[in-house]
Amino acid sequence: MNIYTFKLTKKHIVGAVVAVAALIALLILLIPGSEAAETGATVNVKSPEDCVQYLSGLGFQLDAASGESRKVQIPKEFDAVYQAYNKMQQECGFDLLKYAGKKVDLTTYKITNWPGGETVLADVLVSKNKVIGGAVYTAAVDGFMYGLQPMETLMKG
1 MNIYTFKLTK KHIVGAVVAV AALIALLILL IPGSEAAETG ATVNVKSPED CVQYLSGLGF
61 QLDAASGESR KVQIPKEFDA VYQAYNKMQQ ECGFDLLKYA GKKVDLTTYK ITNWPGGETV
121 LADVLVSKNK VIGGAVYTAA VDGFMYGLQP METLMKG
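Here's what the structure looks like:
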């Protein structure tokens, strides 16, 4: 019979804790559907070009010249319409309640690769250089509106 021993030191414990923390962080970022994987909260957006790059990463081709930016104020109290809009944001991993009463940047682009030829726009909401929400929608009265998600996800739904 063989007996093996192992002396546990502080160095071993710290190394194990760091390894487990790194593994958990990696899993959170890589699991599809996790909030951290879908939000733009870690995306730096300092310029219109950064917005184009962010939306391109979601699979949208844009008319970069169509980009329009303006300041908008998130209401302090959400009415029924804004509650529904925020619910859509939450389903994409964003939450505008954190920004209630604050002014944020809104940049809008025309999407050029949407099937069917209808006019479809993409909005990106940015606060302190971080994406905090947005939408993909038609300009038509009877159109649609989706939260910011990869284009392939929207095409499946």
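Going by my numbering, the sequence shown opens with residue 1, and the numbers climb by one from there. The beta carbon of each residue, even a glycine, is placed where N, CA and C say it ideally should be.
Legend entry - Same chain only: Cβ atoms within 6 angstroms of GLN73, ignoring 5 sequence neighbours per side: Your numbering for residue 73 matches position 73 in the sequence shown. If we look at GLN73 and ignore the five residues flanking it on each side, its Cβ neighbours are LYS103.
Inset, instruction - Kindly list the residues whose CB is nearer than 6 angstroms to the CB of THR119, restricted to its own chain and excluding five residues on each side of it in sequence; keep chain order. - result: Numbered from its first residue, the sequence shown carries residue 119 at position 119. Hits under 6 angstroms: ALA139.
Legend entry - Reduced DSSP category for THR107 - H, G, I as helix; E, B as strand; rest coil: Taking the sequence shown and counting its residues from 1, the one referred to as residue 107 is at position 107. THR107: strand per DSSP, three-state reduction.
Inset, instruction - Sort out for me which residues DSSP pairs ALA135 with in a bridge. - result: As a working note, residue 135 is residue 135 in the sequence shown. The partner list for ALA135 (beta bridge, DSSP) reads ASP123 and GLY147.
Inset, instruction - Could you say if the region 105-120 and the region 83-91 meet the contact criterion of at least three C-beta pairs nearer than 8 angstroms? - result: no
Inset, instruction - Spell out a yes or no on whether the region 121-128 and the region 46-65 are touching, meaning 3 or more CB-CB pairs, one atom from each, closer than 8 angstroms. - result: yes
Inset, instruction - Measure from the alpha carbon of GLU68 to the alpha carbon of each residue in LYS128, TYR146 and GLU49, then state which is nearest. - result: For the purposes of this step, residue 68 is identified with residue 68 of the sequence shown, where counting begins at 1. Ranking LYS128, TYR146 and GLU49 by Cα distance to GLU68 puts GLU49 first.
Legend entry - MET155, buried or exposed, once every other Cβ within 10 Å from all chains shown has been counted against 16: Indexing the sequence shown from 1 puts residue 155 at position 155. Counting Cβ neighbours within 10 Å, MET155 comes out exposed, since fewer than 16 surround it.
Legend entry - Element boundaries [alpha helix (DSSP H), containing SER56]: What you label residue 56 is simply residue 56 of the sequence shown in a count that begins at 1. Element bounds for SER56: 48-57.
Inset, instruction - Identify, in the order they occur along the chain, each residue of the same chain with its Cβ nearer than 7 angstroms to the Cβ of THR83, setting aside the five sequence neighbours on each side. - result: Translated into positions along the sequence shown, residue 83 becomes position 83. Checking the sequence shown, residue 83 turns out to be Gln, not Thr. No residues qualify anywhere along the chain.
Inset, instruction - Would you mind stating whether ALA135 and MET151 have Cβ atoms separated by less than 8 angstroms? - result: Along the sequence shown, one-based indexing puts residue 135 at 135. Along the sequence shown, one-based indexing puts residue 151 at 151. Not a contact, by the Cβ cut-off of 8 angstroms.
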